[in-house]
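Just so you know, the sequences run in chain order A and B.
Going by our numbering, 238 is the number at position 238 of the first sequence; the sequence numbering is gapless.
Going by our numbering, 1171 is the number at position 171 of the second sequence; the sequence numbering is gapless.
Glycine included, C-beta positions come from ideal geometry on N, C-alpha and C.
If you're wondering where the values come from, they're calculated on a predicted model, not measured in any experiment.
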Amino acid sequence: MALLEIRHISKNFGGIKAIADFSLEAEAGQIHGIIGPNGAGKTTIFNTISGVYQADSGSVVLSGEDITRLPQYKITRLGIGRTFQNIRIFRGLTIEENVLCAFDPQSKYSVFGGLIPTPKRFKEEKRGRELARKYLEVVGMADKKDERPENLSYGNQRKVEIARALMCEPKVLLLDEPAAGLTPTEVMELTDLIKRISVEFGFAILLIEHRLDLVMSISDLIHVQNFGETIAVGTADEVQHNQAVIEAYLGAEQ
Amino acid sequence: MNLFLYVLTQVCITLVSVCGIYILTGLTGMFSLGSAAFMAIGAYVSGLLVLNTGMNMYLAFLLAIAFAVCVGYVIGFPVVRLRRDYISLVTLGFGESIAQLILLLSQYTGGAFGLIGIPRRVNVWIALIIAILVIILTALFKCSKYGRQCIAIKSDELAAKAMGINTSRVKMIAFLLSCAMTALAGCLSAFNIGYVGPTDFGWKKSADWVIMVFFGGVNSLTGSIFGGAFLTFLPQYMQALNKYRAVVYAVLVLFILNFKPKGVFGEWELTPKNMRRALMRFNRKQRKVKER
């Protein structure tokens, strides 16, 4: 049985089919790319997996457990971490605190400890800060931990978002257009980072991306979406030569 | 000097509730126009308990706070699930209905006459100690995991959920803490003045607290406390201006919010680290002045 199994999910918004019968099976250590023109329903797939929306039909199964109808925070705690298309870092918190936020739901001290510093609170806070340091080092942002997120470059904000998603200790990581708005050098760094974390932590990565060179170079399997439907699944080579894909991207010959 | 001590007591009592509003509005981003109702609950419950049973004042405080938290739990159920703008409406309705309820239950509450003859056992020192304790608790709460989660929710609720934060639960905790603190302020007020009236706890009082928090800096506990203290002191010492007091107050608040929309302190907090930094900057400036 695969780590993440998405079985025939669909989602409609009014008369619009955002997702029609999407299926995917991801094993640990795999990178799946999801590509397609704008409005193809890629982000909706992520939102349905992570529980922002509920699927109209079909199911999402994470290591044997059906997570389709769970509330968003429970899905995250079961092991699905994500980043967002338009960066959503918490303003008003430092970089380190941003990353800590993803640890806090697992941190074990009560409201009493929230008001009065108990030994347990010290221990848990210390454990959290050590983990935050570890994940910030993975993305190469440990030296900027006390900075405010709004003072960082776009590329660095992305890295913080990834560190924050790692802090959720996910089994599956959803990356929604991580390269959007990055400079070519930053894209290269990001590509390396994604490859590295996929090997180091051994989780499955689903990746939505418009930069085809990035997707083609790191994905084990590519799913091409158009108007909510999957028009092709295959390796980079197969997809590039698929007639339906070429038509969706370049338009059919008249 | 007597006036000063009187005003200082008022400031301390206000600060206790301002801490509650800071947790609710400043940290979590929920606007309540009904917080004063919890102050009423605190004042009436503790007052009635002591008047009718003659129990220990502090025990009455604890019972009153517990009662307010129970009421807050019931009100909190819809509140934490609502969108921000609706929270103000629900709490506004709740606050006004509590005020009416106090008038209607006149056989217990004294109705429009209020509750008279409460022993005046809270002096300025008790109020000061309790205010300082509450401020310390609030500061500790802010830098705990709950404080961080509250700020995360205020900043981006969707992203907070996606990080595994149970937003309803964290908002409920913030709401109940805020209820407890405003109720405590009510207890202190009742036992300081010796009288509780039903008209003291309208939405205007809640709005005043929100203004104080915004005036000093909604993202800073230091700022909120400054706002609470300053805006309580100010009107008392502007007696000479008489009827123009309200105008001066309003103009001052408008000026601050217009030219410093983040409040006087913005996000700055009074921590040892920030103090050292500010001191270093000040020294550097002094040196430059001398060199010239």
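Rounded distance between the beta-carbons of residue j and residue i, thought under 8 Å
{"i": "A/P149", "j": "A/I67", "result": "So it is not a contact: roughly 29 Å between Cβ atoms."}
{"i": "A/P258", "j": "A/I80", "result": "Residue 258 of chain A lies beyond the residue range present for chain A, which begins at 1 and ends at 254; the question has no answer from this structure."}
{"i": "A/A236", "j": "A/V245", "result": "Their Cβ separation, rounded to whole angstroms, is 11 Å, which puts A/A236 and A/V245 out of contact at 8 Å."}
{"i": "B/L1231", "j": "B/G1147", "result": "At roughly 24 Å, the Cβ-Cβ gap does not stay under 8 Å, so B/L1231 and B/G1147 are not in contact."}
{"i": "B/W1209", "j": "B/G1095", "result": "Wrong, their Cβ atoms sit about 12 Å apart, outside the cutoff."}
{"i": "B/L1048", "j": "B/F1175", "result": "That belief does not hold up - the Cβ atoms of B/L1048 and B/F1175 are roughly 24 Å apart, past 8 Å."}
{"i": "A/N242", "j": "A/G234", "result": "7 Å"}
{"i": "B/T1222", "j": "B/S1017", "result": "Contact doesn't hold; Cβ gap of about 17 Å is too wide."}
{"i": "B/I1013", "j": "B/N1192", "result": "7 Å"}
{"i": "A/L24", "j": "A/V172", "result": "No, A/L24 and A/V172 are not in contact; Cβ-Cβ is about 10 Å, not under 8 Å."}
{"i": "B/S1032", "j": "B/T1091", "result": "4 Å"}
{"i": "B/A1099", "j": "B/A1037", "result": "7 Å"}
{"i": "A/S10", "j": "A/S57", "result": "5 Å"}
{"i": "B/V1196", "j": "B/A1060", "result": "The Cβ separation is near 13 Å, so there is no contact."}
{"i": "B/N1219", "j": "B/G1266", "result": "7 Å"}
{"i": "A/L131", "j": "A/M167", "result": "6 Å"}
Where residue i falls: helix, strand or coil (DSSP)
{"i": "A/G81", "result": "strand"}
{"i": "A/R7", "result": "strand"}
{"i": "B/E1269", "result": "coil"}
{"i": "A/T191", "result": "helix"}
{"i": "A/G234", "result": "strand"}
{"i": "B/I1151", "result": "helix"}
{"i": "B/K1260", "result": "coil"}
{"i": "A/L152", "result": "coil"}
{"i": "A/I95", "result": "helix"}
{"i": "A/F227", "result": "coil"}
{"i": "A/Y109", "result": "coil"}
{"i": "B/A1112", "result": "helix"}
{"i": "B/V1310", "result": "Past the boundaries of the shown model lies residue 1310 of chain B; chain B is included only from 1001 to 1292, so the question cannot be answered."}
{"i": "A/G15", "result": "coil"}
{"i": "A/I31", "result": "strand"}
{"i": "A/V61", "result": "strand"}
{"i": "A/S255", "result": "Since the first and last residues shown for chain A are 1 and 254, residue 255 of chain A lies out of range."}
{"i": "B/I1075", "result": "helix"}
{"i": "A/D66", "result": "strand"}
{"i": "A/I45", "result": "helix"}
{"i": "A/I222", "result": "strand"}
Listed by chain order, chain B residues near residue i by CB distance under 8 Å
{"i": "A/S107", "result": "K1145"}
{"i": "A/G114", "result": "L1140, F1141, S1144, K1145, Y1146, G1147, I1173"}
{"i": "A/R164", "result": "M1163"}
{"i": "A/V160", "result": "What A/V160 touches in chain B: nothing, since even the nearest Cβ is about 12 Å away."}
Amino acids of chain A, ordered along the chain, whose beta-carbon sits closer than 7 Å to that of residue i
{"i": "B/A1162", "result": "S50, Q72, T76, R82"}
{"i": "B/D1156", "result": "R88, F90"}
{"i": "B/N1219", "result": "G92"}
{"i": "B/L1137", "result": "L115"}
{"i": "B/A1240", "result": "Per Cβ cutoff of 7 Å: no residues; B/A1240 is ~40 Å from chain A at best."}
Neighbouring residues, chain B, relative to residue i (Cβ below 7 Å)
{"i": "A/E97", "result": "R1148"}
{"i": "A/A102", "result": "M1163, G1164"}
{"i": "A/R7", "result": "Residues of chain B passing the Cβ test: none, with the nearest at roughly 22 Å."}
{"i": "A/R127", "result": "Residues of chain B passing the Cβ test: none, with the nearest at roughly 11 Å."}
Rounded separation between residue i and residue j - CA only
{"i": "A/A40", "j": "A/V224", "result": "9 Å"}
{"i": "B/C1187", "j": "A/Y109", "result": "30 Å"}
{"i": "A/G33", "j": "A/K74", "result": "25 Å"}
{"i": "A/D176", "j": "B/W1268", "result": "34 Å"}
{"i": "A/R7", "j": "B/Q1149", "result": "33 Å"}
{"i": "A/I49", "j": "A/E65", "result": "13 Å"}
{"i": "A/E186", "j": "A/A180", "result": "10 Å"}
{"i": "B/G1263", "j": "A/T83", "result": "32 Å"}
{"i": "B/L1158", "j": "A/E189", "result": "28 Å"}
{"i": "B/S1178", "j": "B/R1084", "result": "16 Å"}
{"i": "B/G1227", "j": "A/E97", "result": "26 Å"}
{"i": "B/F1282", "j": "A/V111", "result": "39 Å"}
{"i": "A/F201", "j": "A/D192", "result": "14 Å"}
{"i": "B/M1280", "j": "B/M1212", "result": "30 Å"}
{"i": "A/G51", "j": "B/V1251", "result": "47 Å"}
{"i": "B/I1132", "j": "A/E27", "result": "55 Å"}
{"i": "A/E5", "j": "A/S219", "result": "18 Å"}
{"i": "B/G1194", "j": "B/V1050", "result": "12 Å"}
{"i": "A/K159", "j": "A/M141", "result": "7 Å"}
9 Å Cβ cut-off: residues of chain A touching residue i
{"i": "B/I1151", "result": "F90, R91, G92, L93, E97, C101"}
{"i": "B/A1066", "result": "Chain A residues near B/A1066: none, gap ~15 Å exceeds 9 Å."}
Beta-carbon neighbours of residue i, restricted to chain C and to distances below 8 Å
{"i": "B/E1269", "result": "Reference to chain C is not applicable here, since the protein chains of this structure are A and B."}
Per-residue contacts from residue i into chain B (C-beta, under 9 Å)
{"i": "A/V187", "result": "Within chain B, no residue comes near A/V187; the closest Cβ sits about 23 Å away, beyond 9 Å."}
Give, in chain order, every unbroken run of the beta strand (DSSP E) that is at least 3 residues long and sits entirely within the segment 1015–1067 of chain B. none
What residue ranges within the segment 160–219 of chain A form continuous beta strand (DSSP E) runs of no fewer than 3 residues, ordered along the chain? 172–176, 204–208
Counting only runs of 4+ residues fully inside the segment 1203–1236 of chain B, write out the alpha helix (DSSP H) ranges in chain order. 1203–1216, 1221–1236
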